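A.B. asks: Residue numbers (this note's numbering), protein chains in the order written: chain A, 1 to 256; chain B, 1 to 401; chain C, 1 to 329.
C-beta atoms are modelled at their ideal positions from N, C-alpha and C, and glycine is treated no differently.
Computed from a prediction, not measured in an experiment: that's the story for all the values here.
There's a structure below that I have some questions on.
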Amino acid sequence: MNIAVLTKQVPDLVEGVEIDSTGKAVDPESIRYILSESDDHALEEALLLKERTQARVEVFSLETGEVRDSLCAALAKGADRVVIVATSADAPPSNHTAAKIFASVLQGLSFDLILTGVRAIDDLDGSLGGLLAGYLNLPYVGLVRKVEMADGTSMAVIQKEYPGGFAAELEVKLPAVLGVQAAEQPPRYVPVSRLRQVMKTASLEEKDAAPVEAEIVEVVRMFKPEEGAGAAILSGTPEEVARQMVDLFAERRLVR
Amino acid sequence: MGLVQVPPIPAAPGPLFPELARAEENFRKCIQCGVCSGSCPMGEAMDYAPRKAVKMLLEGRFNEVVESNTPWLCVSCHTCAVRCPSKLEISDGLFPALRAAVVAEGKALDQDLQKALQNTYLYGNPMGISPKKRADWAKTAGVPVPVISQLKRPVDVLWIVECNPSFEPRGMEISRLLARILNTLGVDFAILGSEERCLGDCEWLAGERGLFEMLIERNIEILNKYKFREIIMTDPHSYRTLRNIYPALGGRYNVQPVVAFLAERLDHLKPLLKKRLSATITYHDSCCLGRKTAHYEEPRMLLAAIPGIKLVEMIQNRESALCCGGGASTIYLDRFIQERVKDRLADRRIMQAVATGAETLAVACPFEPARFEDAVKITGQEGKLVVRDIIELLAESMELN
Amino acid sequence: MTQDVWVIAEHFQGRLNDITRELIGKGRELAQAVAGKLVAVLLGSETKSLISELAAVDAVLVADHPDLREFTAEAHSLALETALKDAPPRLVLMGSTSVGLDLLSLLSARTALPCLDNCTKLEVRDGKLFTTSQIYGGKVFAEVAVAETTTLVAVVPGSFPKSETEAMGRPEVHEIPLPASLPEVRTKFRKLIEPPPGDVDITQSSVLVAVGRGIQNADNLAMAEELAEAMGGAVCASRPVIDQGWLPLTRQVGKSGMTVKPKLYLALGISGAPEHWEGMKNSELIVAVNTDPRAPIFAGAHYGAVVDALDLIPALTEEVRKANMKKAS
Chain A
1 MNIAVLTKQV
11 PDLVEGVEID
21 STGKAVDPES
31 IRYILSESDD
41 HALEEALLLK
51 ERTQARVEVF
61 SLETGEVRDS
71 LCAALAKGAD
81 RVVIVATSAD
91 APPSNHTAAK
101 IFASVLQGLS
111 FDLILTGVRA
121 IDDLDGSLGG
131 LLAGYLNLPY
141 VGLVRKVEMA
151 DGTSMAVIQK
161 EYPGGFAAEL
171 EVKLPAVLGV
181 QAAEQPPRYV
191 PVSRLRQVMK
201 TASLEEKDAA
211 PVEAEIVEVV
221 RMFKPEEGAG
231 AAILSGTPEE
241 VARQMVDLFA
251 ERRLVR
Chain B
1 MGLVQVPPIP
11 AAPGPLFPEL
21 ARAEENFRKC
31 IQCGVCSGSC
41 PMGEAMDYAP
51 RKAVKMLLEG
61 RFNEVVESNT
71 PWLCVSCHTC
81 AVRCPSKLEI
91 SDGLFPALRA
101 AVVAEGKALD
111 QDLQKALQNT
121 YLYGNPMGIS
131 PKKRADWAKT
141 AGVPVPVISQ
151 LKRPVDVLWI
161 VECNPSFEPR
171 GMEISRLLAR
181 ILNTLGVDFA
191 ILGSEERCLG
201 DCEWLAGERG
211 LFEMLIERNI
221 EILNKYKFRE
231 IIMTDPHSYR
241 TLRNIYPALG
251 GRYNVQPVVA
261 FLAERLDHLK
271 PLLKKRLSAT
281 ITYHDSCCLG
291 RKTAHYEEPR
301 MLLAAIPGIK
311 LVEMIQNRES
321 ALCCGGGAST
331 IYLDRFIQER
341 VKDRLADRRI
351 MQAVATGAET
361 LAVACPFEPA
371 RFEDAVKITG
381 QEGKLVVRDI
391 IELLAESMEL
401 N
Chain C
1 MTQDVWVIAE
11 HFQGRLNDIT
21 RELIGKGREL
31 AQAVAGKLVA
41 VLLGSETKSL
51 ISELAAVDAV
61 LVADHPDLRE
71 FTAEAHSLAL
81 ETALKDAPPR
91 LVLMGSTSVG
101 LDLLSLLSAR
111 TALPCLDNCT
121 KLEVRDGKLF
131 TTSQIYGGKV
141 FAEVAVAETT
151 TLVAVVPGSF
161 PKSETEAMGR
171 PEVHEIPLPA
181 SLPEVRTKFR
191 KLIEPPPGDV
201 DITQSSVLVA
211 VGRGIQNADN
221 LAMAEELAEA
231 MGGAVCASRP
241 VIDQGWLPLT
251 RQVGKSGMTV
261 KPKLYLALGI
271 SGAPEHWEGM
281 KNSELIVAVN
291 TDPRAPIFAG
301 AHYGAVVDAL
311 DLIPALTEEV
321 RKANMKKAS
């Protein structure tokens with residue numbers, strides 16, 4: 001069985017994001033990139049499937065952000081092949097554009113399963129997995145937390161998350177695209193010595209994508225909400241404090 | 001009265017982990033006397049207490065020991081090593097090697113530990129906070145806290161603040177007080193600020209050698225950029241590592257814990273200790289300042305200098321002091337340990353403190369106030385015992401708080 | 001393209017979900033602003049009874065098909081593609097939910113219609129439509145100009161107030177024609193997995209009432225439970241409370257417990273020790289109550305009060321109940 005995992009880099013929120021001078025986009029200079037969290041889970045689920053079914057796992061990433069680190073980590077974890085897909089775009093493309101690029105790269109290749117994170121922190125126009133499935137005319141299930149193979153390799157049995165701890169068990173005829181919410185176990189640890197070794201010795205494959213028509217999301221303004229410093233103290237008797245608190249909660253629609 | 005002789009720093013250059021190299025030869029010298037198991041505060045909870053673990057290793061039963069809970073329950077208190085008649089480096093040599101085997105094999109790690117290691121790799125601290133914020137604590141110190149990269153001149157004392165005192169609220173408060181003390185004493189000091197990264201003590205003890213190597217390389221690179229006469233540190237764990245391990249890789253510096261630095265300046269300090277703090281105090285010897293580096297008397301000298309203080313000793317003190325339970329990788333394994341140990345070390349230590357009749361437990365390690373304060377609540381001693389760092393007590397007596 | 005606004009009516013076990021009512025309310029406002037009709041799209045099997053709950057809309061498009069009984073993105077997308085063929089509307093609104101998130105993207109690519117996600121605001125300005133989305137973990141807002149063609153929009157639940165769906169009129173009901181079998185659908189629902197019975201998963205609670213040593217004894221826990229219930233949340237605790245055995249380990253928040261990110265974290269009698277802070281510091285709104293004005297929690301909390309938690313809890317429960325009653329009436 002052949003599994004493709006699509007990953008992307010997103011700004012690391014620990015380092016914060018700043019808005020650029022146009023006020024319409026994030027300032028790329030202010031950002032440090034990190035692998036999107038649910039993509040890490042998608043990779044972990046793929047590696048678990050590889051362990052169980054001797055599948056082959058190939059990881060694809062568009063050439064934006066610092067992809068080398070996360071692709072080396074994927075190799076160190078056991079991926080069979082990693083590919084950087086070159087794009088001509090300067091800025092990270094919209095999910096529609098990215099999905100079109102991946103669709104052109106993956107078309108004709110025989111992957112049984114395409115896994116990707118169900119969402120990323122910078123998603124504005126839907127999720128990559130769903131869009132890709134649409135372009136490739138494949139089935140799609142998102143918010144996946146478990147994937148098992150049934151009947152050899154033609155059918156996957158999947159658990160899809162719903163709120164309140166509920167889940168749906170579904171069966172999907174392969175090939176299919178899955179948007180992973182959480183792998184069955186947390187993403188595995190790569191010992192730093194192994195990672196550094198891979199980074200020194202690995203040469204990463206690069207692939208050019210055929211040009212696609214870019215689909216742009218027209219952002220007219222990007223801004224940050226206002227911040228405070230230290231707790232704003234509510235004073236008065238417990239009853240007075242309680243009233244002030246309820247006002248706060250009502251503002252944020254926290255009282256039912 | 002002179003200061004106690006500090007044990008000599010291992011001769012350089014040697015292999016990367018001199019203690020470990022010694023351990024690998026030495027454990028063949030084990031006479032199976034059982035002093036280690038008898039002294040080990042976690043021995044009862046371990047699958048195999050130290051003596052048994054060594055025996056099994058000698059018999060070639062490596063996998064059984066590595067896969068047991070034994071390596072992860074060791075709190076690195078060093079009591080075994082100090083008492084071993086064969087001078088076997090158990091807690092800080094053999095056990096980190098066992099953990100390193102688990103890590104290198106890619107075996108599943110406890111999630112809390114994994115997160116801490118990943119955070120340290122990405123951000124240079126186990127909390128996962130941006131290194132840009134490392135000197136934020138200094139903004140509200142109320143006194144100048146120079147950053148060495150901005151000073152552009154040699155400085156007398158480089159103060160390595162370390163992770164907990166930079167990012168955890170109680171630790172940050174202690175850092176601010178120390179900054180005021182240093183300013184009052186007129187010390188020419190500076191900090192590394194956002195260039196500072198974890199020194200790696202907890203990481204190498206957790207068995208992540210690759211990460212530790214990476215941290216050493218980077219830290220030596222940073223330290224070698226600057227000129228300073230000595231380094232002082234509030235974190236005893238990092239102090240021990242910088243003093244004992246870094247020299248083997250070219251990182252040889254004059255380094256002291258803050259308590260020793262201040263004790264050297266006691267003549268200047270004493271007249272500034274104006275406020276009486278009438279209190280009976282007992283001092284907890286942390287393992288890294290105590291058994292591992294033998295700084296027993298300096299903290300006591302500082303405390304004795306504060307007017308109104310009466311010092312009493314716990315039943316286990318100095319070399320026999322009971323670990324607070326926060327050493328090595330166990331600082332990240334609280335949940336793991338909580339599931340396996342009913343009688344927590346910190347709780348036992350608090351009861352020892354209460355038994356002395358003291359109202360204050362003085363500590364000198366940033367890991368300890370939170371641990372011991374939790375233990376005070378759990379053992380129902382709230383109102384009977386408070387926990388204070390030595391810096392906090394000094395600052396209070398100097399009226400700097 | 002018409003100027004209509006469609007709302008995908010999400011439902012579960014015979015009831016309309018809250019998100020549907022929120023979208024109907026907002027949908028009505030938008031339909032009026034763009035001078036179009038408000039249309040609910042009801043996909044399911046034997047769901048005719050739900051039509052009466054959709055009385056606040058002008059028209060209902062129904063697809064009643066056994067393959068739509070449970071949600072699969074493929075089948076639902078197919079039904080919508082059929083519906084969209086004749087008179088595509090200005091907007092198709094759905095919740096950014098387990099249903100909407102899947103449907104939005106698949107449908108967008110299959111129909112080549114643009115889509116937008118994570119929307120918390122939707123407004124008409126100078127005749128043009130704009131959405132606002134929260135991205136980067138809520139740290140950044142992005143205002144987007146909606147394209148001049150039919151656009152699919154997924155809205156974050158809780159962004160808009162629920163509309164009243166009392167019977168106001170009788171909407172026109174149209175059937176979406178679907179063939180008896182849908183062979184191109186390759187996804188099949190097998191069964192629903194229920195959560196294991198037993199304790200609450202505090203990581204799923206949007207409101208957490210957190211108690212620390214300030215609660216003083218197990219008897220006072222009942223007070224905290226009442227408050228949690230009034231707020232639709234759950235009780236959790238810092239380590240000392242758990243160690244005392246007053247609450248199970250599954251309620252522990254902190255370094256050696258759970259990490260939580262609720263909308264509201266009410267820290268009552270909690271000092272804010274680093275081990276605890278680590279487990280809840282990313283909560284959206286942190287309100288702390290402690291008798292010690294120097295408690296570390298005040299450094300990081302958004303709001304704080306220096307009063308006794310034991311006095312505040314009953315007062316707050318009272319005020320919350322009053323507010324809930326006001327809203328319902």
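How would you call S77/C, buried or exposed, if buried means at least 16 neighbouring beta carbons within 10 angstroms?
C.D. replies: buried
A.B. asks: Between the alpha carbons of L277/B and S86/B, how many angstroms are there, rounded?
C.D. replies: 45 Å
A.B. asks: Using the DSSP secondary-structure output, state which residues sit across from P11/A in a beta bridge.
C.D. replies: Y33/A
A.B. asks: Under 8 Å Cβ-Cβ, which residues of chain A neighbour M280/C?
C.D. replies: In chain order: nothing, as chain A lies at least about 14 Å away.
A.B. asks: Run the CB neighbour count on V6/B, radius 10 Å, all protein chains shown included, and call it buried at 16 or more, exposed below.
C.D. replies: Only weak support exists for where V6/B lies, its pLDDT of 31 falling under 50; the value from the coordinates is given anyway. Exposed.
A.B. asks: How should R243/B be labelled, buried or exposed, when 16 other C-beta atoms within 10 angstroms of its C-beta is the threshold for buried?
C.D. replies: buried
A.B. asks: At 3 residues or longer, what runs of the beta strand (DSSP E) sit wholly inside the stretch 163-220 of chain A?
C.D. replies: 167-173, 176-180 and 205-208
A.B. asks: Which value, in whole angstroms, describes the spacing of the CA atoms of S181/C and N137/A?
C.D. replies: 19 Å
A.B. asks: Would you grab the beta carbon distance between G179/A and G126/A for me? Rounded to a whole angstrom, and I think it's under 8 Å.
C.D. replies: About 10 Å; that fails the 8 Å criterion.
A.B. asks: In chain order, what residues of the same chain lie with their CB nearer than 7 Å to the CB of V27/C, ignoring the 5 residues before and after it?
C.D. replies: Residue identity check: residue 27/C is Gly in the sequence provided, not Val. V5, V7, L38 and L93.
A.B. asks: Counting only Cβ-Cβ distances shorter than 8 Å, please list the residues of the stretch 172-202 of chain B near chain A, keeping chain order.
C.D. replies: none
A.B. asks: Across the stretch 189-199 of chain B and the stretch 129-145 of chain B, are there enough close Cβ pairs to call them in contact, namely three or more that are closer than 8 Å?
C.D. replies: Touching, yes, given that three or more Cβ pairs across the two stretches are closer than 8 Å.
A.B. asks: Which residues in chain A have a C-beta closer than 8 Å to the C-beta of E208/B? List them in chain order.
C.D. replies: For E208/B, the neighbours in chain A by C-beta distance under 8 Å run, in chain order, P191 and V192.
A.B. asks: Hey, which unbroken runs of the alpha helix (DSSP H) at 4 residues or more fall wholly within the stretch 99-158 of chain A?
C.D. replies: 128-136
A.B. asks: Would DSSP call F141/C helix, strand or coil?
C.D. replies: strand
A.B. asks: Helix, strand or coil, according to DSSP, for N2/A in the structure here?
C.D. replies: strand
A.B. asks: Excluding the 5 residues preceding and the 5 following G2/B in the sequence, name in chain order all residues of the same chain whose CB lies nearer than 8 Å to its CB.
C.D. replies: Residue confidence for G2/B is low, a pLDDT of 36 falling below 50, so the modelled location carries little weight; the figure read from the coordinates is stated next. The answer is none, since no qualifying residue turns up.
A.B. asks: Could you have a look at L394/C and say whether DSSP puts it in helix, strand or coil?
C.D. replies: The question about residue 394/C has no answer here: the residues shown for chain C are numbered 1 through 329.
A.B. asks: Counting C-beta neighbours from all protein chains within 10 Å, is the total for E227/A 16 or more, i.e. buried, or is it exposed?
C.D. replies: Confidence is the limiting factor: at E227/A the pLDDT is only 46, short of 50, which leaves the residue's position unreliable, though a coordinate-based value still follows. Exposed, because fewer than 16 other Cβ atoms sit within 10 Å of the Cβ of E227/A.
A.B. asks: Let me know the alpha helix (DSSP H) ranges lying completely inside the stretch 301-361 of chain B, each 4 residues or longer, listed in chain order.
C.D. replies: 334-338 and 345-355
A.B. asks: Spell out whether any CB of chain B is found under 8 Å from the CB atom of R52/A.
C.D. replies: no
A.B. asks: If you draw a straight line from the alpha carbon of L106/C to that of Y135/A, how long is it in whole angstroms?
C.D. replies: Each residue's Cα considered, the two are about 8 Å apart.
A.B. asks: If you measure between the beta carbons of L227/C and V209/C, is that distance less than 8 Å?
C.D. replies: yes
A.B. asks: For chain B, is any of its Cβ atoms less than 8 Å away from the one on V14/A?
C.D. replies: yes
A.B. asks: Who are A279/B's beta bridge partners in DSSP?
C.D. replies: I309/B
A.B. asks: Compute the beta-carbon to beta-carbon distance between V105/A and A182/A, rounded to the nearest angstrom, for a pair I have assumed lies under 8 Å.
C.D. replies: The Cβ separation is near 26 Å, so there is no contact.
A.B. asks: Below 8 Å, can you find three or more Cβ-Cβ pairs linking the stretch 393-400 of chain B to the stretch 268-285 of chain B?
C.D. replies: yes
A.B. asks: So is E123/C in contact with chain B if we call contact Cβ pairs under 8 Å?
C.D. replies: no
A.B. asks: Starting from L254/A, follow the alpha helix (DSSP H) in both directions and report where the run begins and ends.
C.D. replies: Careful: L254/A lies outside any alpha helix (DSSP H) and carries neither H nor E.
A.B. asks: Find the nearest neighbour of V57/A within the set K173/A, E44/A, N95/A and R68/A, judged by alpha-carbon distance.
C.D. replies: E44/A
A.B. asks: Just the Cα atoms here: how many angstroms apart are A21/B and E203/B?
C.D. replies: Residue placement at A21/B is flagged as unreliable, the pLDDT there being 48, under the threshold of 50; the coordinate-derived value follows with that caveat. Those two C-alpha atoms are separated by around 18 Å.
A.B. asks: Using a Cβ-Cβ distance under 8 Å, would P93/A count as near chain B?
C.D. replies: no
A.B. asks: Are the CB atoms of M214/B and C163/B within a distance shorter than 8 Å?
C.D. replies: no
A.B. asks: By how many angstroms is the C-alpha of V147/B removed from the C-alpha of R176/B?
C.D. replies: Here the alpha carbon of R176/B sits roughly 14 Å from the alpha carbon of V147/B.
A.B. asks: From the beta carbon of P296/C, is the nearest beta carbon of chain B less than 8 Å away?
C.D. replies: Closer than 8 Å to some Cβ of chain B, the Cβ of P296/C qualifies, so yes.
A.B. asks: I need the DSSP call for N63/B, collapsed to helix, strand or coil.
C.D. replies: helix
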